[in-house]
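Participant:
Residue numbers (my numbering): -14 to 125.
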């Protein structure tokens, strides 16, 4: 069908790319090669479908995605990530690393988000359960 042709093309290209690149990358790098293959093939597929969507609905990419918010949230996660990479280099047991990540990453990100004013998006959490759906429904 004409409306799903682009989706079929994107997924077919993703399949071919994954099989060909995956074979060589997995043979060379093992599990890391599989991760690279998945990440690259998924990114190419998502980018292509985003481009086609933008073209179909005739909108600029800047209007389609909230780039400013994406970069701000990305910035919120960089500092805790660097901190966790440093902690990982201390060679604790894997369970200790997981617990440290659990107790370090979310609070730091939460503090950044709260201090920046982005918490206003989470005001609906305070509402009674029945009201959450109504408020979210009205905003759409």
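Beta carbons are placed, not taken as given, at the ideal position from N, Cα and C, and that holds for glycine. None of these values were measured; they are calculated from a predicted model.
Assuming residue 3 contacts residue 22 under a Cβ cut-off of 8 Å, what Cβ separation, rounded to an integer in Å, is found between them?
Facilitator: Right, the Cβ-Cβ distance comes to about 6 Å (below 8 Å), so this counts as a contact.
Participant: Kindly indicate the opening and closing residues of the alpha helix (DSSP H) around residue 2.
Facilitator: Counting along the chain, the alpha helix (DSSP H) containing residue 2 begins and ends at -10 to 14.
Participant: Measure the alpha-carbon distance for residue 61 versus residue 92 and round it to whole angstroms.
Facilitator: Cα to Cα, the separation comes out at about 11 Å.
Participant: Whole angstroms are fine: how far does the CA of residue 76 sit from the CA of residue 55?
Facilitator: Taking the straight line from one Cα to the other gives about 32 Å.
Participant: Distance, Cα to Cα, residue 149 vs residue -1?
Facilitator: For residue 149 there is no data in the structure shown, the boundaries of the chain being -14 and 125.
Participant: Within the continuous alpha helix (DSSP H) that includes residue 92, where are the two ends?
Facilitator: Unbroken alpha helix (DSSP H) run through residue 92: 79 to 101.
Participant: How about residue 44 and residue -9: are their beta carbons less than 8 Å apart?
Facilitator: Going by C-beta atoms, residue 44 is not nearer than 8 Å to residue -9.
Participant: Do you know offhand how far residue 68's Cα is from residue 41's?
Facilitator: Looking at the two C-alpha atoms, the distance is approximately 42 Å.
Participant: Assuming residue 53 is part of the alpha helix (DSSP H), what are its boundary residues?
Facilitator: Per DSSP, residue 53 belongs to the alpha helix (DSSP H) from 52 to 73.
Participant: Among the residues of its own chain, which have a CB less than 6 Å from the CB of residue 86, if the five just before and after it don't count?
Facilitator: Here the set comprises 69.
Participant: Since I believe residue -5 is in contact with residue 25 (beta carbons under 8 Å), could you give me their beta-carbon distance rounded to a whole number of angstroms?
Facilitator: Not confirmed; about 14 Å, so no contact.
Participant: Would you report the Cα separation of residue 81 and residue 39, rounded to the nearest angstrom?
Facilitator: Near 45 Å, if we compare the C-alpha coordinates of residue 39 and residue 81.
Participant: Thinking residue 90 and residue 65 are a contact (beta carbons under 8 Å), I'd like their distance in whole angstroms, please.
Facilitator: Right, the Cβ-Cβ distance comes to about 5 Å (below 8 Å), so this counts as a contact.
Participant: Of the choices 34, 57 and 20, whose alpha-carbon is the least far from that of residue 97?
Facilitator: Closest option to residue 97, Cα to Cα, is 57.
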